[in-house]
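Student: Quick one: the structure is below, questions incoming.
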């Protein structure tokens with residue numbers, strides 16, 4: 001919907017304009033009202049509506065003067081005049097200031113609809129033009145990140161100034177964002193998620209009164225360039241550390257709105273447009289610390305970090321660990337790897353060395369425990385998988401998963417072990433039924449593949465994991481229904497269902513009555 005500001009010095013007419021015209025049916029909402037041109041100008045600066053519908057004759061500042069001022073500062077804004085029949089000649093000459101049309105008093109609804117259709121078409125054209133300009137500006141920024149030719153850099157700077165219609169290009173700081181969309185394939189950010197990110201960035205910048213540019217740099221990597229030549233008194237002109245505070249605000253905003261984790265690298269350095277490449281390289285070095293601190297964090301470039309040389313990896317008790325795998329000692333397997341990886345994080349061990357260690361250890365599982373040698377294709381897949389992870393925590397998960405799968409295959413020789421695993425899963429469900437539970441989360445905790453876990457669970461219990469979870473949750477719900485102080489929606493949440501309607505339908509399907517009916521029969 002498009003926004004409109006209504007301006008008229010006659011209170012009754014202004015209220016009628018606001019309350020009796022069905023703006024929503026025309027795809028427009030009233031963003032505000034003003035009683036004269038001066039009042040309107042102040043509100044326009046804050047609201048920045050798409051459309052201004054203004055009377056001509058008003059005290060302090062008339063509609064013609066208001067239109068001139070608006071045209072000077074907001075040439076994209078659509079102007080429409082309100083006028084009486086006796087002012088018609090005056091308004092015809094006033095249209096030279098850039099108004100799209102006029103409405104005669106008393107107002108005719110058909111005429112309003114016709115004029116607003118033209119206005120909305122203009123709004124759409126303006127929006128399309130602005131999007132094209134924003135895309136062009138973002139492309140200039142992106143090219144500047146990789147361009148090294150001084151002459152080409154100056155040409156790009158000139159192009160940006162022309163697009164932005166300004167003399168100076170400004171200076172910038174960078175929030176470098178690494179996006180982790182769960183549904184993406186091969187590490188590529190999906191188009192819908194990229195568009196959502198850009199939309200959220202625009203909303204955040206507007207809310208914080210910041211000027212910036214959002215640039216898609218490469219798969220899963222987006223830069224938010226914040227202009228440091230903002231108005232005096234803005235958050236960007238504050239003391240040292242202001243960029244980190246903005247990054248924290250941005251991170252919190254994304255966590256609430258986006259639905260997928262984002263890691264943000266931030267430093268306080270600034271750069272002119274011609275030096276964006278160096279700013280980007282510095283930010284990338286900060287973002288590299290994500291390997292140690294994990295996804296979804298804000299990483300500051302001001303922290304001092306000492307990295308361990310790649311060749312100085314501390315020893316890992318591989319023989320003891322492999323023996324634990326052979327004995328199906330899952331606890332020892334997990335503890336040894338977790339303790340070692342925690343030490344690597346503290347030491348900031350080199351990424352390549354950590355990846356090579358993981359590949360070698362997983363290879364030994366195949367060769368020494370299962371007595372199999374991976375083929376070239378499988379070995380290549382392993383290298384690709386390990387070297388493409390973002391964090392050391394993900395490498396830990398990969399190693400433990402490989403160990404879990406190895407123990408799975410060993411366990412086929414000892415079928416009685418399955419009963420123990422199923423008992424462990426049942427215990428996990430019994431203890432955490434009120435939390436979000438998926439087959440993947442359960443399989444990760446027992447280091448089995450989801451399909452294998454499903455199979456042995458059904459074999460040992462005669463029911464699926466989903467049916468068992470439902471049974472436990474509904475049994476607990478029946479106990480809670482005895483407490484008359486609890487509402488059904490509260491009980492639903494307490495047993496792990498965010499949707500009350502889904503809980504009620506599931507209860508009815510399994511018990512033959514609704515929760516309230518069940519409660520009445522107690």
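Numbering (full-length UniProt numbering), first residue to last: 1 to 522. Glycine is no exception: its CB is placed at the ideal position from the N, C-alpha and C atoms. If you're wondering where the values come from, they're calculated on a predicted model, not measured in any experiment.
Please indicate yes or no: does the CB of residue 384 lie closer than 6 Å to some heavy atom of the ligand MG?
Tutor: The ligand content of the structure shown is nil, which means the ligand MG is not present either.
Student: Between residue 342 and chain C, is there a C-beta pair that is closer than 7 Å?
Tutor: This model lacks chain C altogether; it includes just one protein chain.
Student: To the nearest angstrom, report how far apart residue 446 and residue 404 are at their CA atoms.
Tutor: Numbered from 1 along the chain shown, position 446 holds the residue referred to as residue 446. Numbered from 1 along the chain shown, position 404 holds the residue referred to as residue 404. Answer to the nearest angstrom: the Cα atoms are 8 Å apart.
Student: What do you get for residue 290, buried or exposed, if any count of 16 or more other CB atoms within 10 angstroms of its CB means buried?
Tutor: Stepping through the chain shown from its first residue, residue 290 is reached at position 290. Buried: at least 16 other Cβ atoms inside 10 Å.
Student: Let me make sure I understand the geometry here. Which of 397, 319, 389 and 380 has the alpha-carbon closest to that of residue 365?
Tutor: Your numbering for residue 365 matches position 365 in the chain shown. Taking only the C-alpha atoms, the option nearest residue 365 is 319.
Student: On the criterion of 16 or more Cβ atoms from any shown chain inside 10 Å, does residue 127 qualify as buried, or is it exposed?
Tutor: Position 127 of the chain shown, counted from the first residue, corresponds to residue 127. When all chains shown are included, residue 127 counts as exposed.
Student: Excluding the 5 residues preceding and the 5 following residue 492 in the sequence, name in chain order all residues of the same chain whose CB lies nearer than 6 Å to its CB.
Tutor: Indexing the chain shown from 1 puts residue 492 at position 492. Around residue 492: 500 and 503.
Student: So what's residue 244 in DSSP terms, helix, strand or just coil?
Tutor: Within the chain shown, numbered from 1, the residue matching residue 244 stands at position 244. Helix at residue 244.
Student: Based on DSSP bridge pairs, tell me the residues matched to residue 81.
Tutor: Translated into the one-based positions of the chain shown, residue 81 becomes position 81. 54 and 102.
Student: Applying the criterion that 16 or more other CB atoms from any shown protein chain within 10 Å of the CB defines a buried residue, is residue 77 buried or exposed?
Tutor: Reading the chain shown from its first residue, position 77 is the one you call residue 77. That one is buried.
Student: Find out if the Cβ-Cβ distance for the pair residue 429, residue 369 is shorter than 7 Å.
Tutor: Within the chain shown, the letter at position 429 stands for residue 429. Within the chain shown, the letter at position 369 stands for residue 369. The answer is no: Cβ separation not under 7 Å.
Student: Which class does residue 464 belong to by DSSP, given the choice of helix, strand or coil?
Tutor: If you number the chain shown from 1, residue 464 lands on position 464. In this structure, residue 464 counts as coil in the three-state DSSP scheme.
Student: Using the C-alpha atoms, what's the distance from residue 202 back to residue 378?
Tutor: As a working mapping, residue 378 is identified with position 378 in the chain shown. As a working mapping, residue 202 is identified with position 202 in the chain shown. Roughly 44 Å separates the two Cα atoms.
Student: Closest to residue 334 by C-alpha separation, out of 401, 122 and 209, would be which residue?
Tutor: If you number the chain shown from 1, residue 334 lands on position 334. Residue 334 has its Cα closest to that of 401, out of 401, 122 and 209.
Student: Can you list, in chain order, the residues of its chain with a C-beta nearer than 7 Å to that of residue 519? Leave out the 5 residues immediately preceding and following it.
Tutor: Position 519 of the chain shown holds residue 519. Result list for residue 519: 481, in chain order.
Student: What would DSSP say about residue 218, mapped onto helix, strand or coil?
Tutor: Looking up residue 218 in the chain shown gives position 218. Looking at residue 218 - three-state DSSP - the assignment turns out to be strand.
Student: If I measure Cβ to Cβ from residue 395 and keep anything under 8 Å in the same chain, skipping five residues before and after, which residues do I get?
Tutor: Residue 395 sits at position 395 when you count from the first residue of the chain shown. Answer for residue 395: 341, 354, 355, 358, 386 and 389, listed in chain order.
Student: With H, G and I counted as helix, E and B as strand and the rest as coil, what does DSSP make of residue 2?
Tutor: Residue 2 sits at position 2 when you count from the first residue of the chain shown. Correct three-state label for residue 2: strand.
Student: Classify residue 141 as buried or exposed, calling it buried when 16 or more other Cβ atoms lie within 10 Å of its own Cβ.
Tutor: Walking along the chain shown from the start, residue 141 turns up at place 141. Looking at its Cβ environment, which holds 16 or more other Cβ atoms inside 10 Å, residue 141 is buried.
Student: In whole angstroms, what is the alpha-carbon distance linking residue 392 and residue 295?
Tutor: Translated into positions along the chain shown, residue 392 becomes position 392. Translated into positions along the chain shown, residue 295 becomes position 295. Distance between the alpha carbons of residue 392 and residue 295: 10 Å.
Student: Could you check the C-alpha separation between residue 382 and residue 195 for me, to the nearest Å?
Tutor: Counting from one through the chain shown, the residue named residue 382 turns up at place 382. Counting from one through the chain shown, the residue named residue 195 turns up at place 195. Those two C-alpha atoms are separated by around 32 Å.
Student: In this structure, what does DSSP give as the bridge partners for residue 172?
Tutor: Translated into the one-based positions of the chain shown, residue 172 becomes position 172. According to DSSP, residue 172 bridges with 227 and 271.
Student: Work out the CA separation of residue 423 and residue 398 for me, nearest whole Å.
Tutor: Working through the chain shown from its first residue, we reach residue 398 at position 398. Working through the chain shown from its first residue, we reach residue 423 at position 423. Distance between the alpha carbons of residue 398 and residue 423 is about 25 Å.
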